[in-house]
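According to our numbering, the sequence shown is numbered sequentially starting from 8.
Everything below concerns the one structure shown next.
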Amino acid sequence: MTTAADDATEPVPVPVRVVLPADPLLGTAQQEVVARLWKRRQTESGWVYLVGMPSYRDREDGGVEAAEYRVWVRAPDHVRPVDGVDYDQVATERLQSPPQYAVREVLGERRPSGWVLQKLPGSRGPDPGILHAPDCEEAPRGAPLLDVQRALDVAEHPGTRLCTLCGAAQELTPLLRGFDHIDSATDGG
(Lines of atoms letter the chains of each structure in order from A and count residues from 1; the text may use other names and numbers.)
(Lines give C-alpha, C1' and ligand atoms only; values in the text may rest on other atoms or scores of the structure.)
Protein backbone atom coordinates (compact mmCIF):
# COMPACT_ATOMS: atom_id res chain seq x y z
CA MET A 1 0.00 0.00 0.00
CA THR A 2 1.13 3.54 -0.61
CA THR A 3 0.59 6.40 1.78
CA ALA A 4 0.19 10.10 1.18
CA ALA A 5 2.14 10.97 4.31
CA ASP A 6 5.79 10.10 4.82
CA ASP A 7 6.00 6.99 7.03
CA ALA A 8 8.84 8.58 9.06
CA THR A 9 6.68 11.48 10.22
CA GLU A 10 4.02 11.30 12.88
CA PRO A 11 0.54 11.68 11.31
CA VAL A 12 -1.27 14.88 12.21
CA PRO A 13 -5.01 14.42 12.70
CA VAL A 14 -7.57 16.81 11.24
CA PRO A 15 -11.13 17.48 12.43
CA VAL A 16 -13.97 15.48 10.94
CA ARG A 17 -17.64 15.05 11.89
CA VAL A 18 -18.66 11.54 12.95
CA VAL A 19 -22.31 10.53 12.64
CA LEU A 20 -23.46 8.65 15.73
CA PRO A 21 -26.36 6.22 15.39
CA ALA A 22 -29.81 6.96 16.76
CA ASP A 23 -30.93 4.87 19.73
CA PRO A 24 -34.70 4.31 19.73
CA LEU A 25 -34.57 2.63 23.16
CA LEU A 26 -33.08 5.77 24.70
CA GLY A 27 -35.13 8.05 22.46
CA THR A 28 -32.06 9.74 20.98
CA ALA A 29 -31.84 10.96 17.41
CA GLN A 30 -28.84 10.61 15.13
CA GLN A 31 -26.10 13.03 16.27
CA GLU A 32 -22.79 14.33 14.95
CA VAL A 33 -19.65 14.93 17.01
CA VAL A 34 -16.36 16.43 15.93
CA ALA A 35 -13.57 13.87 16.12
CA ARG A 36 -10.01 13.61 14.78
CA LEU A 37 -9.32 11.90 11.45
CA TRP A 38 -6.04 9.96 11.67
CA LYS A 39 -6.00 7.89 8.50
CA ARG A 40 -8.15 6.78 5.58
CA ARG A 41 -7.95 3.48 3.74
CA GLN A 42 -9.38 2.34 0.42
CA THR A 43 -10.83 -1.17 0.55
CA GLU A 44 -12.51 -3.39 -2.01
CA SER A 45 -15.88 -2.26 -0.65
CA GLY A 46 -15.11 1.47 -0.35
CA TRP A 47 -13.36 3.86 2.02
CA VAL A 48 -12.91 3.54 5.79
CA TYR A 49 -11.59 6.25 8.11
CA LEU A 50 -9.70 5.87 11.40
CA VAL A 51 -11.24 8.46 13.72
CA GLY A 52 -10.40 9.39 17.30
CA MET A 53 -13.59 10.00 19.26
CA PRO A 54 -13.54 12.11 22.43
CA SER A 55 -14.04 9.93 25.46
CA TYR A 56 -13.15 9.53 29.16
CA ARG A 57 -11.24 6.86 31.06
CA ASP A 58 -10.77 5.97 34.70
CA ARG A 59 -7.45 6.78 36.33
CA GLU A 60 -5.80 4.50 38.88
CA ASP A 61 -6.36 7.10 41.61
CA GLY A 62 -10.14 6.93 41.05
CA GLY A 63 -10.35 10.11 38.99
CA VAL A 64 -11.50 10.51 35.41
CA GLU A 65 -9.48 11.99 32.54
CA ALA A 66 -10.11 12.90 28.93
CA ALA A 67 -9.17 10.21 26.42
CA GLU A 68 -9.57 9.27 22.79
CA TYR A 69 -11.28 6.16 21.46
CA ARG A 70 -10.08 5.22 17.96
CA VAL A 71 -12.31 3.27 15.60
CA TRP A 72 -12.58 2.58 11.85
CA VAL A 73 -15.82 3.91 10.32
CA ARG A 74 -17.22 3.65 6.81
CA ALA A 75 -17.24 6.76 4.60
CA PRO A 76 -19.41 8.55 3.70
CA ASP A 77 -22.02 6.75 5.85
CA HIS A 78 -20.49 7.66 9.21
CA VAL A 79 -18.30 10.72 8.53
CA ARG A 80 -18.80 14.22 7.19
CA PRO A 81 -16.20 16.88 6.38
CA VAL A 82 -15.71 19.99 8.48
CA ASP A 83 -15.95 23.24 6.51
CA GLY A 84 -12.57 24.75 5.64
CA VAL A 85 -10.50 21.66 6.53
CA ASP A 86 -7.92 20.42 4.01
CA TYR A 87 -8.03 16.60 3.87
CA ASP A 88 -5.22 16.29 1.31
CA GLN A 89 -2.60 15.83 4.07
CA VAL A 90 -4.35 12.90 5.78
CA ALA A 91 -2.39 9.64 5.63
CA THR A 92 -4.11 7.70 2.84
CA GLU A 93 -3.73 4.03 1.94
CA ARG A 94 -4.94 3.08 -1.54
CA LEU A 95 -5.44 -0.37 -3.01
CA GLN A 96 -2.28 -1.77 -4.59
CA SER A 97 -3.84 -2.23 -8.01
CA PRO A 98 -6.56 0.32 -8.68
CA PRO A 99 -9.18 -1.05 -11.05
CA GLN A 100 -8.57 -0.24 -14.71
CA TYR A 101 -11.59 1.07 -16.55
CA ALA A 102 -12.21 -0.03 -20.14
CA VAL A 103 -13.31 3.48 -21.12
CA ARG A 104 -9.94 4.94 -20.09
CA GLU A 105 -8.04 2.17 -21.83
CA VAL A 106 -9.95 2.59 -25.10
CA LEU A 107 -10.42 6.37 -25.24
CA GLY A 108 -7.43 7.55 -23.18
CA GLU A 109 -6.91 11.32 -23.17
CA ARG A 110 -9.12 11.84 -26.25
CA ARG A 111 -12.27 11.60 -24.19
CA PRO A 112 -13.94 15.01 -23.61
CA SER A 113 -13.98 16.11 -19.99
CA GLY A 114 -17.18 16.70 -18.08
CA TRP A 115 -20.59 15.09 -17.82
CA VAL A 116 -24.09 15.74 -19.18
CA LEU A 117 -27.47 15.05 -17.62
CA GLN A 118 -30.22 13.39 -19.64
CA LYS A 119 -33.66 14.31 -18.32
CA LEU A 120 -36.06 11.39 -18.51
CA PRO A 121 -39.36 11.78 -20.37
CA GLY A 122 -42.09 12.81 -17.97
CA SER A 123 -39.71 14.10 -15.29
CA ARG A 124 -40.46 17.58 -14.03
CA GLY A 125 -38.68 20.02 -11.76
CA PRO A 126 -35.42 19.04 -10.09
CA ASP A 127 -35.83 15.29 -10.66
CA PRO A 128 -32.53 14.18 -12.21
CA GLY A 129 -32.22 11.53 -14.88
CA ILE A 130 -29.12 9.78 -16.23
CA LEU A 131 -25.54 11.12 -16.12
CA HIS A 132 -23.45 10.45 -19.25
CA ALA A 133 -20.01 11.29 -20.59
CA PRO A 134 -20.40 13.98 -23.31
CA ASP A 135 -19.37 11.54 -26.06
CA CYS A 136 -21.81 8.79 -25.00
CA GLU A 137 -24.19 7.63 -27.74
CA GLU A 138 -27.09 8.00 -25.27
CA ALA A 139 -26.12 11.52 -24.08
CA PRO A 140 -28.43 14.34 -25.16
CA ARG A 141 -26.84 16.66 -27.73
CA GLY A 142 -26.54 20.31 -26.72
CA ALA A 143 -27.00 19.61 -22.98
CA PRO A 144 -24.92 21.82 -20.66
CA LEU A 145 -21.55 20.37 -19.64
CA LEU A 146 -21.20 19.66 -15.89
CA ASP A 147 -17.81 19.71 -14.17
CA VAL A 148 -16.92 16.79 -11.91
CA GLN A 149 -18.05 18.55 -8.69
CA ARG A 150 -21.50 19.38 -10.14
CA ALA A 151 -21.77 15.86 -11.60
CA LEU A 152 -21.05 14.37 -8.16
CA ASP A 153 -23.69 16.63 -6.58
CA VAL A 154 -26.25 15.49 -9.18
CA ALA A 155 -25.16 11.83 -8.81
CA GLU A 156 -25.92 11.92 -5.08
CA HIS A 157 -29.59 12.71 -5.81
CA PRO A 158 -31.71 9.56 -5.28
CA GLY A 159 -33.37 9.91 -8.70
CA THR A 160 -30.09 9.93 -10.65
CA ARG A 161 -28.68 6.92 -12.47
CA LEU A 162 -25.16 6.67 -13.88
CA CYS A 163 -24.75 5.36 -17.43
CA THR A 164 -22.84 2.09 -17.65
CA LEU A 165 -22.45 2.27 -21.43
CA CYS A 166 -20.07 5.25 -21.39
CA GLY A 167 -18.35 4.52 -18.08
CA ALA A 168 -20.01 7.24 -15.99
CA ALA A 169 -20.94 4.63 -13.38
CA GLN A 170 -17.41 3.17 -13.28
CA GLU A 171 -15.74 6.57 -13.00
CA LEU A 172 -18.09 8.44 -10.64
CA THR A 173 -19.04 5.63 -8.22
CA PRO A 174 -15.56 5.42 -6.59
CA LEU A 175 -15.61 9.18 -6.04
CA LEU A 176 -18.97 8.92 -4.27
CA ARG A 177 -17.70 6.32 -1.79
CA GLY A 178 -15.46 8.70 0.10
CA PHE A 179 -15.51 12.44 0.50
CA ASP A 180 -12.19 13.14 -1.18
CA HIS A 181 -14.05 15.17 -3.81
CA ILE A 182 -15.49 17.61 -1.27
CA ASP A 183 -13.53 20.84 -0.87
CA SER A 184 -13.81 23.75 1.51
CA ALA A 185 -16.37 25.47 -0.75
CA THR A 186 -19.08 22.95 0.16
CA ASP A 187 -21.29 23.03 3.20
CA GLY A 188 -20.51 19.42 4.11
CA GLY A 189 -24.11 18.64 4.89
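Glycine included, every Cβ here is placed at the ideal spot set by N, Cα and C.
Residue range of the beta strand (DSSP E) that residue i falls in?
i	result
Val82	Checking the sequence shown, residue 82 turns out to be Ala, not Val. Ala82 -> beta strand (DSSP E) spans 71-82.
Thr50	38-50
Glu100	98-101
Trp54	53-65
Pro22	21-27
Val92	From DSSP, Val92 is part of no beta strand (DSSP E); its letter is neither H nor E.
Leu152	Element bounds for Leu152: n/a, residue is neither H nor E.
Leu124	123-125
His253	The structure shown has nothing for residue 253, since the chain only spans 8 to 196.
What residues in its chain sit with their C-beta under 6 Å from that of residue i, if we drop five residues either side in the sequence?
i	result
Glu7	There is simply no residue 7 to check, as the chain begins at 8 and stops at 196 in what is shown.
Asp14	Its pLDDT being 49, under 50, Asp14 is placed unreliably by the model, and nothing is read from it.
Ala150	Val123
His164	Pro135
Where does the unbroken alpha helix (DSSP H) through residue i begin, and where does it stop?
i	result
Val155	155-162
With a 10 Å radius around its C-beta and 16 neighbouring C-beta atoms as the bar for buried, classify residue i as buried or exposed.
i	result
Thr175	Note on identity: in this sequence residue 175 is Ala, with Thr being the wrong assignment. Burial call: buried.
Val71	exposed
Gln49	buried
Arg87	buried
Tyr231	For residue 231 there is no data in the structure shown, the boundaries of the chain being 8 and 196.
Residues in its own chain within less than 7 Å of residue i by CB, not counting five upstream and five downstream?
i	result
Thr35	Ala29
Asp65	Val71
Val41	Pro22, Arg24, Val89
His143	His is not the amino acid found at residue 143; the sequence shown has Cys there. Excluding sequence neighbours, Cys143 sits near Cys170, Leu172, Cys173.
Ala162	Leu138, Leu169, Leu179, Leu183
Pro20	Arg43, Leu44, Trp45, Gly59
His4	Past the edges of the chain, shown from 8 to 196, lies residue 4, and the structure says nothing about it.
Pro147	Val123, Gln125
Leu153	Gly121, Trp122, Val123, Leu124, Val161
Kindly list the residues whose CB is nearer than 8 Å to the CB of residue i, restricted to its own chain and excluding five residues on each side of it in sequence; keep chain order.
i	result
Gly136	Leu124, Gln125, Lys126, Leu127, Ser130, Gly166, Thr167, Arg168
Glu145	Gln125, Ile137, His139, Cys170, Leu172, Cys173
Glu51	Leu102
Arg63	A quick correction: the sequence has Tyr, not Arg, at residue 63. These residues qualify, in order along the chain: Val71, Glu72, Ala73, Ala74.
Pro31	none
Would you be able to state if there are at least three C-beta pairs under 8 Å between the stretch 74-81 and the stretch 56-66?
These segments touch.
Does the pairing of the stretch 120-129 with the stretch 85-103 give three or more beta-carbon distances under 8 Å?
Touching, no, given that fewer than three Cβ pairs across the two stretches are closer than 8 Å.
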